[in-house]
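So the sequences go chain by chain: A and B.
Per the working numbering, the first sequence starts with residue 1, numbered consecutively.
Per the working numbering, the second sequence starts with residue 1001, numbered consecutively.
Yeah, the Cβ is synthetic: ideal placement off N, Cα and C, and Gly gets one too.
Every value quoted in this text rests on a predicted model; they were computed, and no experiment measured them.
2 protein chains.
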Amino acid sequence: MALEDIVRRALAREVRAVSRLISIIEDRLEGFERAYAEIYPHTGRAHIIGITGPPGSGKSTLVDKLAMEYRKRGLTVGVVAVDPTSPFSGGALLGDRLRMQRHVLDDGVFIRSMGTRGRLGGLSRATSGAVDVLDAAGYDVVLIETVGVGQSEVEIASLADTVVLIQVPGLGDDIQVIKAGIMEIGDLFVVNKKDRPGVERVMAEIRTALELSEMSCVEGSWVPPILLTMAETGEGVAEVVDACGEHLKHLGEEGLAERRLRRARAETMEIASQRIWQGLSERPGASEEAQRLAEAVAARKADPYSAAAALYRLLVQ
Amino acid sequence: MALEDIVRRALAREVRAVSRLISIIEDRLEGFERAYAEIYPHTGRAHIIGITGPPGSGKSTLVDKLAMEYRKRGLTVGVVAVDPTSPFSGGALLGDRLRMQRHVLDDGVFIRSMGTRGRLGGLSRATSGAVDVLDAAGYDVVLIETVGVGQSEVEIASLADTVVLIQVPGLGDDIQVIKAGIMEIGDLFVVNKKDRPGVERVMAEIRTALELSEMSCVEGSWVPPILLTMAETGEGVAEVVDACGEHLKHLGEEGLAERRLRRARAETMEIASQRIWQGLSERPGASEEAQRLAEAVAARKADPYSAAAALYRLLVQ
């Protein structure tokens, strides 16, 4: 199929074309920049929701049930799973994988898992590309599932309109400690597996952390709700969908524009950065010089800062 | 204290100067590049060990006990903790924090926790700086503790000579699924909390994943051992220290040089990349142009690739 056809069909939400286009952008195949330029004007319509939490918190099950709930409400859903332990990524038990199969029969749900290594331009670039394709294809809601520890949570916050942080009782003491930095990216808190002992303690910890964080002081600001779910049975899932909708409404046009400007800036900078390296590698003798500098650093004959300065001069002069 | 004094005293392993120098490099304070250039020739002597595993796997306790074991053997130890949930980072229960206090009385152990957000130049740059300071200061062993999911494990693999991957029985099904990509960075596997049910299953999964990975086919290549520990009681910790030593021996001069060249290359590129952005921001009108481009992308009037191309032209032409 010609690239123009793939783009046209993806924009018409033909599942195979959507899938192919994501691969083209992910793998940076011939013409991917042109394809990106063609779909990009069609983006900006989906509600992009990031869902993150520690391993074992039931993220995938919750994502599965959220997709079902959105379908019940007549909306189409794209899922991007960025989690080496996610059943979407093929890394799970057979039962989980079978559970996901039912969506195969429903073309209102599209599921894509992203490999976590070896992608050119990094994981966040590939994820962002998949989200844009799904958005342009007309999925009403795009759910991004990432395993949430540290950096990945910060990355998802830069992609999503609404960030759902999942916690779970009884995963051990050190997992329950919620740092202010991570709390601040959560627009919604979900305590999943609410039948487990310790649920009150987790809720109290989230509440305390929220009270300590600065945002709770500003009048009229969004107060992140804490919701209880049993993703396995679907209990509480409708309330999560409601709360995501309320958050989007609270953001309003201005709040949404602000979040999307932040994302646009980060993406542009990241791509420009890749282009700079590409430019460097195309200069005659540059990769040999880069190798020589790395060897000098490894041998402690140069420090990384002076080597970097030499590389920089090579590029811009 | 003047910078020269701080450097001189840090190289003599004076605890307060070491701490100060790490902050200077971490926060990129005045003169930090000069300080880096001065300490860098003294690096390359420490055995750098990365320790990573999921939240709740007992990383911090194991790191604590490893430090004690190295001290027993007459070696000095630097610890860099990069984990928002680590007790070293102040994010844990009082009991854990008190447990770490005993090292305060021993100047053969230095503990530093790295914040995980808001650092200029990113987390890995700050971590790398701290590791280099501890190495130059003459700590025999530098332990880097990171919470291990996806990207952070890849990052630690680029920093460390030896990578220890911790697993633990019974953290829930999806956490036990070990993907080949992550397996390949492990030089040692530790199954901690070995008294828990499911220990045989975790070991079998690691063994299977190791057999599936390519490295096991090459003759003479390192076969990652799987060790059982109870970090709480210290059981098995001496064996982990032994195995780390054996791995270093197996690497030999050539293997070590190869790992360190890889690290040098990655660091030099990363610093050069920062410098490029700095260079861009210093050009008259450049940050206004960058902002204008981001706004166009957010408004879907430009796509991120063409905006990045415009930014790139601004820099190199």
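By the Cβ-count criterion, S281/A is exposed, with fewer than 16 other Cβ atoms from all chains shown falling within 10 Å of its own Cβ.
No Cβ of chain A is located within less than 8 Å of the beta carbon of G1198/B. By the neighbour-count criterion, in which 16 or more other beta carbons inside 10 Å mark a residue as buried, R1263/B falls on the buried side. A direct Cα-to-Cα measurement between V77/A and K65/A gives close to 11 Å. Counting C-beta atoms within 10 angstroms of its own C-beta, D1161/B has 16 or more neighbours from the protein chains shown and is therefore classed as buried.
Going by beta carbons, A37/A and S1273/B fall outside the 8 Å limit. With fewer than 16 neighbouring CB atoms inside 10 Å of its own CB, L29/A falls in the exposed class. Per DSSP, the beta-bridge partners of R1112/B are V1080/B.
Under a 10 Å Cβ-count criterion, S1128/B is classified as buried, with 16 or more other Cβ atoms of the shown protein chains found around its own Cβ. In the structure shown, T146/A falls within a strand segment according to DSSP collapsed to helix, strand and coil. In chain order, E270 place their CB closer than 7 Å to the CB of R125/A, counting only its own chain and leaving out the 5 sequence neighbours on each side. Cβ-Cβ separation between V164/A and I48/A: approximately 12 Å, too far for a contact (criterion under 8 Å).
Identification of chain A residues near T1052/B by a Cβ-Cβ cut-off of 9 Å yields none; the smallest Cβ-Cβ distance measures about 11 Å.
Taking a beta-carbon distance threshold of 8 Å, I1276/B counts as an interface residue toward chain A.
Going by C-alpha positions, V223/A is about 10 Å away from H250/A.
Taking C-beta atoms as the reference points, L1075/B and A1231/B fail to come closer than 8 Å.
For V316/A, a Cβ of chain B is located within less than 8 Å of the residue's own Cβ. According to the DSSP assignment, T1162/B belongs to no alpha helix (DSSP H) but to the beta strand (DSSP E) extending over 1162-1167.
The beta-carbon of R265/A is placed less than 8 Å from the nearest beta-carbon of chain B.
Check the Cα spacing between K1194/B and each of A1310/B, D1187/B, G1236/B: the tightest is with G1236/B.
Pairing D1135/B with V1080/B, the inter-Cα distance amounts to about 11 Å. Between the beta-carbon of E295/A and that of L1261/B there is about 6 Å, and that keeps the pair under the 8 Å contact cut.
If only uninterrupted alpha helix (DSSP H) runs of at least 4 residues are considered, those enclosed by the stretch 239-307 of chain A are 286-298.
Under a 10 Å Cβ-count criterion, P1197/B is classified as exposed, with fewer than 16 other Cβ atoms of the shown protein chains found around its own Cβ.
Each of A157/A, D242/A, P225/A was checked against the Cα of I144/A, and the nearest Cα belongs to A157/A. Counting only runs of 4+ residues, the alpha helix (DSSP H) found wholly inside the stretch 1024-1064 of chain B occupies 1032-1039, in chain order. Taking the C-beta atoms as reference points, V1168/B is found nearer than 8 Å to G1058/B. Between I1025/B and the set R1016/B, A1017/B, A1035/B, the nearest pair of CA atoms involves A1035/B. Of the candidates A1010/B, L1188/B, Y1070/B, E1033/B, L1188/B places its Cα closest to the Cα of G1053/B.
Bounds of the beta strand (DSSP E) holding V191/A are 188-191.
Exclusion of the five residues before and after Y1070/B leaves V1077, V1141 as the residues of its chain whose Cβ lies within less than 6 Å of its Cβ. For V223/A, the three-state secondary structure derived from DSSP is coil.
Taking 8 Å as the threshold, the shortest C-beta distance from I1271/B to chain A falls below it. For V1015/B, the CB contacts under 6 Å within the same chain, skipping 5 residues up- and downstream, are D1107 in chain order.
Ranking E1267/B, G1285/B, A1299/B, A1010/B by CA distance to the CA of A308/A puts E1267/B first.
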